[in-house]
Amino acid sequence: MSIPITASILYNLVQCPHRVTMDLFGNPAKKDPTNPFIQLLWEKGNEFELEVIESLNRPFTNLKAYSNEEKENLTIEAMKRGSDLIYGGRIRADDLIGEPDMLRRLNAKYIAGDIKSGAGEEGGGEDTDGKPKKHYAVQLALYVDILERLGFSERRRPFIWDVHGKEIIYDLDVSQGARKTATLWDEYQAVLEVARNIVARKESTLPAYAGICKLCHWFTACKQTLEKLDDLTLIPELGRSKRDIMLACVKCRGDFASAEIMSFVQGKKTAFPGIGIDSLIKFQDRAILQRKQGAKPYLKIPVTIPHYDRELFFDVETDPMRDVCYLHGFIERLNGNNASERYIVFFAEEPTEEEEKRAFELAWAYVNNCMPCMIYYYSAYERTIWSKLQKKYPSIATAEEIESLFNSMKATDLYHHIIRPRTEWPTYDHSIKTLASYLGFSWRDPNPSGAASIEWYHRWVKNRDPSVRQRIMDYNEDDCRAMRVLLDEIRQMS
Ligand code: SF4
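Sequential numbering of the sequence shown, starting at 869, is according to the numbering used here.
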């Protein structure tokens, strides 16, 4: 019997097609243990679903406890009976199987929906609408497709009940904008076709080095494959789609590093749609550097970093599941003297607004007391989070004050202002972990990551174990110190 297409296959496919291949046909012995953060996401997802269901103020048919064929039969019976709301059903048609969280009756037919413990859309702000998430859209479209095949579908307008208590309608037949005319339904059809080809082994996939890999249970296996293939995605920022475009002409990093770059240039363009000449040269420079024996990072453009009497290396920790910023950490250094370093931390002991506000207020007062100084942070995240906190707690600071704090006279985004535009590294990516580790810095924790910190915070809130609290702080302190190590290296390079 052929493998059915499920919503989770489509969800994974949107994130990484190779994940589908590996989950279906990979050697399970080569799987990494499930990342504790992913485990936490599952648990929180289930808890949230239960909360939503328990707070439903209306009768519904509950099929959650059943499985497989019995569940399918009961779902069909419930729909034929005209149940207004069905929770935890299972629907199947041809090679498609779906388990929508909700089936809601409308005009004697059904629309499907899922309960998600995240935001129902991506992007968007106070004044702008968000966009549908493609990985949610393909799951919802699968349910609609099955309902249509079964003759139970009421329009292609499934829904998400999200973490903010909002119902978000996914209008699958509407074009996604002036530039992107395809509808979500068109996208679903394309994804479904790829899924069918992978399942039938008519289409093979390749791993691609990306940020999401670090949370994936195939990371070790895929990294080995990528290194064996000398894959182009090991070049920072090249990524899957560019690799797939280049693959017909360039098989691996070695070939690319030694290629005559002008052979790929046609007038003002390259032979690779979507990759300009400057980008191609940049990627080749990176490939050459990575493959050079004893390669060292270098400056592409000179950097002048003045000395400051006081320097702050700043990093926040946030929990997206609770939408709370729980830690503001600083390494403070005086007169460039490492012996003067001290770690200052402001921690929300509880994931509540009161505690989040208190920690932000103290961190804000501390930074202002430190002026004049230079604040270093890595990528735009700290700035984004402080702007968000300012909107939430306007009594602490004005928007102009936050804006002024992050101006270039007082603050430097090491990643966007220096690392990315001005330096090259013989590494697979430019994350602070990768670069500081390359420079010999090591984190005290054996498993340092922002995702792990969130998992520890959940444990701290639940069990109040002081060693877990300390682990969160040690990790953050090391993240801050890693920035100092990186800055000193750049000063040396300059
Ligand atoms: S490790 Fe990366 S490439 Fe491999 S399956 Fe996971 S997400 Fe895909």
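Beta carbons: idealized from backbone N, C-alpha and C, even for Gly.
The C-beta of S1072 has fewer than 16 other C-beta atoms within 10 Å across all chains shown, which makes the residue exposed. Considering only D969, I1036 and G966, the residue with the shortest C-alpha distance to P1000 is I1036.
For V1192, the secondary structure class from DSSP, reduced to helix, strand or coil, is strand. Under the criterion of beta carbons closer than 8 Å, V1006 and Y879 qualify as touching, at roughly 7 Å.
Counting only the Cα atoms, K1330 lies some 44 Å from G1045.
With fewer than 16 other CB atoms across the displayed protein chains lying within 10 angstroms of its CB, Y1166 is exposed. Minimum Cα-Cα distance from P927 among the listed residues Y1261, Y955, K1150 and I944 corresponds to Y955. In the DSSP assignment, no residue is bridged to M1130.
Residue pairing from DSSP leaves D952 without any beta-bridge partner.
Secondary structure at W1324: helix, using DSSP grouped into helix, strand and coil. The beta carbon of I877 is closer than 7 Å to those of V888 and A1063 in its chain, skipping five residues each way along the sequence. Per DSSP, the unbroken beta strand (DSSP E) holding D1187 starts and ends at R1178 to D1187. In this structure, the straight-line span from the alpha carbon of K932 to that of G957 is close to 7 Å. Within the region 1116-1170, the complete alpha helix (DSSP H) runs of at least 4 residues fall at 1121-1126 and 1145-1159. The C-alpha of Q1360 lies about 16 Å from the C-alpha of Y1176. Within the same chain, Cβ atoms closer than 8 Å to the Cβ of C1117 are found at F1132, A1139 and F1140, the five residues on either side in sequence being excluded.
Taking the Cβ atoms as the reference, I979 lies roughly 6 Å from R1025, within the contact range of under 8 Å.
When distances are taken from the beta-carbon of R887 to the heavy atoms of the ligand SF4, the shortest one is below 6 Å.
Between W1053 and L1040 the beta-carbon gap is near 4 Å, inside 8 Å, which marks them as a contact. DSSP places N1206 in the uninterrupted beta strand (DSSP E) bounded by N1205 to F1215. Of the candidates V1012, F1198 and Q1161, the residue whose Cα lies closest to the Cα of Q1057 is V1012.
The count of Cβ pairs closer than 8 Å, one atom from the region 1141-1148 and one from the region 1205-1214, stays below three, leaving the stretches out of contact.
In its chain, beyond the 5 residues on either side, K898 and D900 have a beta carbon closer than 8 Å to the beta carbon of T1088. If you draw a straight line from the Cα of F1151 to the Cα of I1103, it comes to about 7 Å.
Between L1115 and E1095, the alpha-carbon positions lie close to 16 Å from each other. The closest CA to that of D1313, considering only S1335, Q1158, E1250 and G981, is found on S1335. Note on geometry: alpha-carbon atoms of G991 and Q1161 lie some 43 Å from one another. Across the structure, D1356 and L918 are spaced so that their CA atoms are roughly 50 Å apart.
DSSP places A1279 in the uninterrupted beta strand (DSSP E) bounded by A1279 to D1281. DSSP, read as helix, strand or coil, puts A1076 in coil. As DSSP reads the structure, G966 sits in a beta bridge with I959. I1340 and W1324 do touch by the CB rule: their CB atoms are close to 5 Å apart, below 8 Å.
In this structure, R1121 lies near D1098, with their beta-carbon atoms less than 7 Å apart.
Relative to the Cα of D1342, the nearest Cα in the group W1311, R1332 and S1362 belongs to W1311.
Distance from the C-beta of F905 to the nearest heavy atom of the ligand SF4 is not below 6 Å. Counting C-beta atoms within 10 angstroms of its own C-beta, I1028 has 16 or more neighbours from the protein chains shown and is therefore classed as buried.
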